[in-house]
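This report refers to the structure that appears directly beneath it.
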Amino acid sequence: MVKFTIRWPCDRQSRAKLMKSADHCCRKGITRLYYSLCENEMVRFTCMIFTLGCCCCAFLLWLFIRDPCSKYSITKALCQEYKNGLAAGRMCYNLCYEETIHLSCLAEDEETSTFGWIDTIVKASKPTKKFNDLSEPSSSAVWEGMTLDDFVKKLEDFFFVQLGPGDHSMLIDRVLNFADFNGDAEFSFGEINSMWKLLHKPEFLTILIFSKHPVFPYLNDTCSDMYAYEHIKTPVLYDKSDTSWFSRIFSDSYRWNFPPWLRRVQISVGLLEFISVALEEANTRFYMCNLSPTKFGFTNTFQMKVTSLHGITSEEKLKFALSQKKCLTDSDCVIGQICHSDCDINRQECSKNILSLDIVEVCRILVDYIFFDAPSKIKAMLKIFVSKCSSLHYGHNSYNNSQVDINHNLLIDDLITILWDQIKDQSSKWFKNEPIKMH
């Protein structure tokens with residue numbers, strides 16, 4: 003038998019060459035094996051299916067272990083507060099013990115998560131942004147053992163800042179009735195603490211203030227700082243801001259999905275009622291600085307609803323916000339698209355003299371929404387009121403401004419009367435699902 007002996011090179015350079023040659027041969031062999039396998043269609047198909055299966059399993063695993071909208075983190079934190087007596091609300095028991103509330107993630111930002119549940123929108127703060135952070139100036143405003151008188155005093159101070167001076171006793175009573183979640187006419191620390199957190203959420207506060215009026219979404223149950231309110235199926239009246247090529251070719255395409263004219267009249271009455279309500283609620287005036295047709299929607303029964311609550315602010319808060327703005331011209335004294343004041347050139351600060359009227363923008367919406375295809379007789383009447391609407395504006399004379407307020411209220415009443423006359427004979431038929439007769 004012939005024996006072969008392979009000597010391992012002693013010098014480093016020779017060993018390196020040998021290792022490089024062996025590595026090259028190994029790589030070449032693997033490459034040949036790969037190509038030979040790929041030439042087999044069955045093996046290639048099997049590999050592809052296996053790879054896709056692995057990807058699908060990984061994706062499903064990611065969906066299972068991730069926490070959409072921090073739902074589980076929020077629920078865990080809320081239920082821990084509830085069980086420790088730090089939170090209360092009519093949603094808490096169903097959420098934490100019966101587990102009958104099943105939230106589906108809709109949207110989230112850095113601070114808030116938005117969920118859907120049946121026909122409601124549910125919003126809650128993320129655990130990392132919880133209100134009980136001691137760095138928050140308002141977190142020490144309530145304490146365990148707080149009496150009802152102490153809480154009422156806190157509410158009076160709070161509404162003085164939010165709404166300005168005035169009698170807010172009816173609003174305070176509404177808050178106390180809502181805060182008594184279990185209906186025992188007594189207030190636990192959990193109820194007071196939860197109510198105080200909710201009041202510091204501008205959207206919740208707005209819904210609560212206007213809760214008596216059907217043009218606002220109804221407020222559902224709460225748990226700690228989580229709150230639920232009515233989901234509006236049609237969230238916008240129309241949107242002219244679409245810049246797609248289709249909208250450029252068909253400039254009136256935003257009108258194609260409009261409801262019948264009489265239904266639009268019904269919705270327009272609700273829009274005017276919103277303006278009327280905003281003038282006198284809670285003994286203060288409210289402004290919607292981002293008022294546009296995309297901020298209003300309607301229900302399945304064509305009842306107008308406010309769908310965007312973030313731009314609604316009280317006169318007191320708006321004056322304060324304007325006074326904090328620096329300016330060189332009047333154009334610098336604008337908040338949103340509508341709310342504005344004039345500029346004090348000497349101080350280079352915006353004044354607290356609010357010059358905007360929401361009704362002017364509402365009239366522009368009515369022109370787009372019901373004016374273009376209105377019956378000729380009604381169109382002539384509407385044209386007169388729209389021209390009156392455009393001429394309304396505040397100035398620097400307080401007497402003239404008082405007259406503007408009177409004309410403003412009369413204009414709203416007249417418009418509501420004219421539009422209501424068009425639908426009052428049809429309203430009873432709508433509830434019976436009878437077809438609408440166009441004039």
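Numbering-wise (my numbering), the sequence shown opens with residue 3 and increments by one. In this text, a Cβ means the ideal position worked out from N, Cα and C, and glycines have one as well. All of these numbers come straight from a predicted model, not from anything done at the bench.
Give the DSSP bridge partners of residue i, in chain order.
i, result
"K327", "The partner list for K327 (beta bridge, DSSP) is empty, contrary to what the question assumes."
"C225", "M228"
"C341", "I337"
"K307", "G299"
"I314", "M290"
"E351", "K328 and D346"
"T236", "F300"
Have a look at residue i and residue j and give me their C-alpha separation to the nearest angstrom.
i, j, result
"L108", "N409", "43 Å"
"S392", "C365", "8 Å"
"F66", "S72", "With a pLDDT of only 49 at F66, under the threshold of 50, the placement of this residue in the model should not be trusted; the figure read from the coordinates follows. So the alpha carbons of these two residues sit roughly 13 Å apart."
"S246", "W258", "16 Å"
"E363", "Y396", "14 Å"
"T116", "I386", "44 Å"
"L160", "L173", "In the sequence as presented, Leu is not what sits at residue 160; that position holds Phe. Answer to the nearest angstrom: the Cα atoms are 12 Å apart."
"E188", "L97", "23 Å"
"F300", "Y231", "15 Å"
"D423", "T224", "40 Å"
"L324", "K379", "43 Å"
"K381", "D375", "8 Å"
"T114", "S389", "43 Å"
"L412", "L201", "34 Å"
"L320", "L150", "31 Å"
"L368", "Y256", "14 Å"
"V124", "E205", "12 Å"
"K93", "L311", "Looking at the sequence shown, residue 93 is not Lys but Met. If I take the Cα positions, the gap works out to 22 Å."
"S190", "E158", "19 Å"
"L384", "N302", "27 Å"
"I414", "L105", "41 Å"
"E112", "A126", "12 Å"
"Q268", "P261", "10 Å"
"L281", "M290", "11 Å"
"W119", "V154", "33 Å"
"S243", "K235", "20 Å"
"W145", "F298", "39 Å"
"D360", "C81", "42 Å"
"S343", "I356", "5 Å"
"W64", "A79", "At W64 the pLDDT is 47, less than 50, meaning the model places this residue with poor confidence; the figure from the coordinates comes in the next sentence. Each residue's alpha carbon lies about 23 Å from the other."
"F180", "H170", "15 Å"
"P129", "C345", "42 Å"
"I1", "K203", "Residue coverage of the chain in this structure runs from 3 to 441, which leaves residue 1 outside it and unanswerable."
"T331", "F322", "18 Å"
"L178", "A143", "16 Å"
"C329", "S358", "18 Å"
"D416", "I211", "26 Å"
"R176", "D182", "10 Å"
"Y371", "W198", "40 Å"
"D427", "L221", "31 Å"
Taking residue i and residue j to be in contact with their CB atoms under 8 Å, please state how far apart those CB atoms are, rounded to whole angstroms.
i, j, result
"I194", "M228", "Not really, about 17 Å apart at Cβ, beyond 8 Å."
"I425", "L264", "6 Å"
"S213", "A89", "Contact doesn't hold; Cβ gap of about 21 Å is too wide."
"C352", "C341", "With a Cβ gap of about 11 Å, C352 and C341 do not count as contacting."
"H215", "T122", "The pair is not a contact, with the Cβ atoms about 18 Å apart (cut-off 8 Å)."
"S226", "Y84", "7 Å"
"N292", "Q326", "Actually they are not in contact, since the Cβ atoms of N292 and Q326 sit about 18 Å apart, beyond 8 Å."
"L421", "S270", "6 Å"
"S316", "T286", "5 Å"
"E275", "V217", "5 Å"
"T208", "I314", "5 Å"
"P237", "T309", "5 Å"
Could you tell me if residue i is buried or exposed, where buried requires 16 or more neighbouring beta carbons within 10 angstroms of its beta carbon?
i, result
"F248", "exposed"
"L239", "buried"
"F252", "exposed"
"V163", "exposed"
"G185", "exposed"
"L273", "buried"
"I51", "exposed"
"G168", "exposed"
"P219", "buried"
"R250", "exposed"
"R266", "buried"
"N348", "exposed"
"G87", "exposed"
"L54", "exposed"
With a threshold of 8 Å between beta-carbons, can residue i be considered close to chain D, or not?
i, result
"P129", "No chain D appears in the structure shown, which is made up of a single protein chain."
Hey, which unbroken runs of the beta strand (DSSP E) at 3 residues or more fall wholly within the region 76 to 153? 106 to 110, 114 to 119 and 122 to 127
Mind pulling the alpha helix (DSSP H) runs of 4 or more residues that sit fully within the region 195 to 226? 204 to 211
So within the region 377 to 435, which uninterrupted alpha helix (DSSP H) runs reach at least 4 residues, ignoring any that extend past its ends? 378 to 392, 400 to 425 and 429 to 432
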